[in-house]
Amino acid sequence: MELVKLTIDGQEVQVPAGTTVLEAAEQLGIHIPRLCHDPDLTAVGACRLCVVEIEGMRNLPASCVTMATDGMVVRTDTPQIIEARKTILELLIANHPLDCLSCEKLGDCKLAEYCYQYGVKKSPFINPEKHSYEVEDNNPFIIRDLNKCILCGRCIRACAEMTCNDIIDFSYRGFKTKVGPFGDTTLAESDCVYCGNCVAVCPTGALTEKQMQGKGRRWEYKRVKTTCPFCGTGCNFDLMVKDGKIAGVTSNPESVVNGKQLCIKGRFGWDFVHSDKRLTSPLVKVDGKFVPVSWDEAFNTIAKRLGEIKEKYGANAFASLSSARCTNEENYLVQKFVRAVMGTNNVDHCART
Amino acid sequence: MAGLATSFGSGAMTNSINEILGAELLFLIGTNTTEAHPVIGYKMKQAKRKGAKLIVVDPRRTELAAEADYWLQIKPGTDIPLLNAIMHVIIKEDLYDKKFIEERTENFEALKQTVEKYTPEYASELCGVPAEDIYAVARLYAKTDKAGIFYTLGITEHVCGTNNVMSIANLAMLTGHIGRESTGVNPLRGQNNVQGACDMGALPNVYPGYQKVTDPAVREKFEKAWGVSLPAEVGLMIPEMFDRANSGEIKAMYILGENPVLTDPNANHIKSGLEKLEFLVVHELFLTETAQYADVVLPAASFAETDGTFTNTERRVQRVRKAIEPIPGRTNWQTIMEMSTRMGYPMHYNSAEEIFNEMASLTPSYQGMSYARIDKNGLQWPCPTPDHPGTKYLHAAAFTRGKGLFQGIDHIPPAELPDEEYPFLLSTGRILFHYNVTTPYSAGINSIWNEEYAEVNPDDASRLGVTTGDKVKVTSRRGEVTTKVQVTDRVPPGVIWMSFHYTESPTNVLTSAAVDPITKTGEYKVCAVKVEKLN
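Respectively, the protein sequence lines represent chains A and F.
Going by the working numbering, the first residue of the first sequence is number 3, and it counts up by one from there.
Going by the working numbering, the first residue of the second sequence is number 594, and it counts up by one from there.
See the structure below:
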């Protein structure tokens, strides 16, 4: 592998040829701000926030699409760069609602983070044009507020490059440019499969999880990384937990199998956990009707009846179905129970069905 | 899984999921991956868009079939003639890997003899795939270096499921497409932990790690570890359990987290078996159709309420972490532990991790794993020692069984095919928006997709006088259900396709009682039905 050596903010770094300046800076622990860039998507250099100075180059190139070359000398924090970034942020918020107080994304909004970092409080432009799109919430999963969209195109690339469904793209031109499905319909009227990968990459409050609306601020949640309970792919994600309840699922980029990618079931199907149909107490059938009983009573009934049946008919009159939905630990204990306690090998699960 | 275990010695996905991205050819047979394993489906599409060739064998025009370079629209239940014909071409045109066959396999002559008669022209008559497509696909697969085969229940849920799998193994061995990066035979396992439940010995013939209950040395090891004497004879598989419940030999059952009334074939037979039991314990999240038959129902904790591990389809053991307190007040492992203790066999575990450690100590393929080691990225078995990095792909230097075993396999038609009285072929499967029978309890998902829509070809629809949204009665020799229809050319004429997620349209009342003789897997993919319009 060919290596190139460059200098960023006075520090030397060696990277494989083909590495971008932005990635090379990351290796030195230098975070260059970016809005349209996502390491899992192709780089497009659209937002220009990641501009840097490179000796010998006339303009400020976007570091996410500039390849590192041997001997390159890069500055990431000169006054000129800071001024350029400020202007970009000012232009972005000229047409962005500043209702951050009640924005669902606050705490996880990249636009807010960079405005804070660069001290951009309001746009200096006088009476700029503003969009007033209706917020789209006619599906159960994704809320689209295009007023907060900064046209970075990450969602479009997520749909095209992760899910490979190409449901959304830019439409119209100039100030009227917007992101949407073919024919400028809502997602509900499109062939969207609600994987929510667009939500996972959106840097602002334009795309948010409907299930999480109003449930808590992003920093209040405990994130618990776990493995999806649906199919056999084994995607990982974060359960967003607050006050002992799950409020939603968000992508965890550190997931070895799936990265940020999830499907509708993993991202939005978790709410069966808090279904009001969940059983909360053991039940015993009395005269054909289920009656709630204590755990103690349930265990006593089971021990007595299984004991009697084993005594009367022998171990092989008992059989058990374990579960391909349950954990390894649970399955291990079920087969141990069947073999060591009941004395039979009659244990199976629906591996074959 | 029995098929691959016979051919290779190990019944698991040979490669890793992310190796799909490096494949030059993906050969999909009997897998609707974008709906059943969506994220794996994304990766297949990503590979295709990067230039990989895509071959899809499916009677239905699935999303990937529509994107494929070659979509072979096979008649349901005719995979063996198709695969034999592909191998026929590869042998006839001298495209097979002689070195691999010589060094790594045995019994090649038997295969050669069997596939001799399966000319593409002959197979075409049986499976409906044009002969020229069979030639093209055979050449493409044989000549591509990095080629992976993927299959799911479209292969296994047939009376000849095991034979189907062994035919796939034959094909991969014939061209040496196994034991390399992005190159192998990959059964995509259905449920989140079906691989793990098998690994854990929730099977009637093996202890954890596929150690046979009939092997005295193995039994002795477990007897010593568990401090009891253990039964020597193989137990019953699910269909046998319900047969014996019906005949009165099985008197009591404990069912954890399964709903056979909705998911198993020939549901009426399951129900009558459950009714005859003297005592039934069901341990479940919800009062399911199966739980209704119970004498005692124990409330279960969900994945979010427990620590533990799942093993995914690529053999990766990953952590499940407790996010909230168990809604019923105790985790499932605590419940099983207490049942056991009350039955006079005390179990004492303070955590899921202690259970894992006991299991790993008795399971060679998991022996090198611990919660600390799997914390971040999991580990893929086999992982026999604490310094073993896990196994990305199987059979690299040798097959688990030593030499790969070729077998000559002939066509076995489905047990029940359409006739005058039941003129339609019913095939079943999953849809994207649901997962078996849990997702209907998700409010969001159920608000959009809450009823069955049986797929009917436009030709058949016009004959039946139905349009999308109309209700029909679907009847087989075993039962009847009503469902709405969706008129679509995704299915060929003569085929009806239904999912099985909904209580109101319990499709498995219809499905066949026929099973694969080795695995006892039900033939969900083929049965004969009639369809009548309802007003």
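Just so you know, even glycine gets a beta-carbon here, dropped at the ideal spot from N, CA and C.
Could you check what DSSP says for residue 1051 of chain F in three-state terms: helix, strand or coil? DSSP, reduced to helix, strand and coil, places residue 1051 of chain F within a helical segment of the structure shown.
Could you tell me the alpha carbon to alpha carbon distance between residue 946 of chain F and residue 214 of chain A, rounded to whole angstroms? Annotation: residue 946 of chain F to residue 214 of chain A spans about 32 Å, alpha carbon to alpha carbon.
What residues are listed by DSSP as bridge partners for residue 1091 of chain F? DSSP lists F:1021 as partners of residue 1091 of chain F.
Round the Cβ separation of residue 24 of chain A and residue 52 of chain A to the nearest angstrom and send it over; I've been treating them as touching at under 8 Å. That pair is a contact at about 6 Å.
List, in order along the chain, the chain F residues whose C-beta lies closer than 7 Å to that of residue 321 of chain A? Those within 7 Å of residue 321 of chain A in chain F are 829, 834, 843, 846.
So which residues of chain A does residue 781 of chain F contact, with C-beta pairs closer than 7 Å? Residues of chain A passing the Cβ test: 234.
Where residue 131 of chain A and residue 206 of chain A are concerned, what is the direct C-alpha to C-alpha distance, given to the nearest angstrom? Residue 206 of chain A has its alpha-carbon roughly 20 Å from the corresponding atom of residue 131 of chain A.
Under the three-state reduction of DSSP, which class applies to residue 221 of chain A: helix, strand or coil? Of the three classes helix, strand and coil, the one that applies to residue 221 of chain A here is helix, per DSSP.
Cβ neighbour criterion (16 or more within 10 Å) applied to residue 601 of chain F: Classification for residue 601 of chain F: buried.
To the nearest angstrom, how far is it from the Cα of residue 77 of chain A to the Cα of residue 127 of chain A? Spanning the two alpha carbons is a distance of roughly 29 Å.
For the region 703–763 of chain F, which segments carrying the beta strand (DSSP E) assignment without a break, of at least 3 residues, lie completely within its bounds, in sequence order? Every beta strand (DSSP E) of 3 residues or more that sits fully in the region 703–763 of chain F is shown, in chain order, as 740–744.
With a CB to CB cut of under 6 Å and the five nearest residues on each side skipped, what residues in its chain are close to residue 595 of chain F? Taken in chain order, the residues that qualify are 755, 1111, 1112.
Hey, could you find the ends of the beta strand (DSSP E) residue 211 of chain A is sitting in? Under the DSSP assignment, residue 211 of chain A falls in the beta strand (DSSP E) whose first and last residues are 209–211.
Can you list, in chain order, the residues of its chain whose CB lies under 7 Å from that of residue 1058 of chain F, leaving out five sequence neighbours each side? Same-chain partners within the cutoff: 1126.
If we call anything under 9 Å between Cβ atoms a contact, is residue 203 of chain A one with residue 269 of chain A? No. Outside cutoff.
Do residue 908 of chain F and residue 788 of chain F have their CB atoms nearer than 9 Å? In contact: residue 908 of chain F and residue 788 of chain F (Cβ atoms closer than 9 Å).
N-terminal and C-terminal residue of the alpha helix (DSSP H) that residue 270 of chain A is part of: Boundaries of the alpha helix (DSSP H) around residue 270 of chain A: 266–270.
Is it buried or exposed, residue 784 of chain F, if we count other Cβ atoms within 10 angstroms and call 16 or more buried? It counts as buried.
Is residue 279 of chain A buried or exposed, if buried means 16 or more other CB atoms sit within 10 Å of its CB? Under this definition residue 279 of chain A is an exposed residue.
Which of the three DSSP states is assigned to residue 885 of chain F in this structure? The answer is helix: DSSP assigns residue 885 of chain F an H, G or I state.
Simplified DSSP state of residue 681 of chain F, which is helix, strand or coil: Correct three-state label for residue 681 of chain F: helix.
Would you tell me roughly how many angstroms separate the C-alpha atoms of residue 700 of chain F and residue 998 of chain F, rounded to the nearest one? About 6 Å.
Classify residue 917 of chain F as helix, strand or coil using the three-state DSSP reduction. DSSP places residue 917 of chain F in coil when its eight states are reduced to three.
Hey, could you find the ends of the beta strand (DSSP E) residue 906 of chain F is sitting in? Run containing residue 906 of chain F: none; DSSP gives neither H nor E here.
Bridge-paired residues (DSSP) for residue 252 of chain A: Bridge partners of residue 252 of chain A: A:240.
Sequence-distant residues of its chain with Cβ nearer than 7 Å to residue 599 of chain F (five each side left out): Around residue 599 of chain F, the same chain offers 759, 998 as residues with beta carbons nearer than 7 Å, after the five sequence neighbours per side are excluded.
Quick one: is residue 1098 of chain F buried, meaning 16 or more other Cβ sit within 10 Å of its Cβ, or exposed? Counting Cβ neighbours within 10 Å, residue 1098 of chain F comes out buried, since at least 16 surround it.
What are the boundary residues of the alpha helix (DSSP H) that includes residue 853 of chain F? Its alpha helix (DSSP H) spans residues 853–856.
At which residues does the alpha helix (DSSP H) containing residue 309 of chain A begin and terminate? Annotation for residue 309 of chain A: the continuous alpha helix (DSSP H) segment containing it runs 297–315.
Could you name the residues of chain A that residue 1133 of chain F contacts, counting a contact when the two beta carbons are closer than 8 Å? Nothing can be reported for residue 1133 of chain F, as the shown portion of chain F is limited to 594 through 1128.
Ordered along the chain, which non-local residues of its own chain (more than five positions away) have a Cβ less than 8 Å from that of residue 266 of chain A? Excluding residues within five positions, the ones whose Cβ falls inside 8 Å are 143, 195, 196, 197, 198.
Span of the alpha helix (DSSP H), counted from its first residue to its last, around residue 632 of chain F: Taken as a continuous stretch (DSSP letters only), the alpha helix (DSSP H) holding residue 632 of chain F covers 631–642.
At a Cβ cut of 9 Å, what residues of the region 900–912 of chain F count as close to chain A, listed as they run along the chain? Residues passing the 9 Å Cβ filter: 900, 901, 902, 903, 904, 905, 906, 907, 909, 910, 911, 912.
Along chain A, which residues have their Cβ under 7 Å away from the Cβ of residue 879 of chain F? Chain A residues near residue 879 of chain F: 279, 280, 281.
Using DSSP with H/G/I as helix, E/B as strand and the rest coil, what is residue 1124 of chain F? Three-state result, residue 1124 of chain F: strand.
Given that a residue counts as buried once 16 or more other Cβ atoms are within 10 Å of its Cβ, and exposed if not, what is residue 119 of chain A? Label assigned to residue 119 of chain A: exposed.
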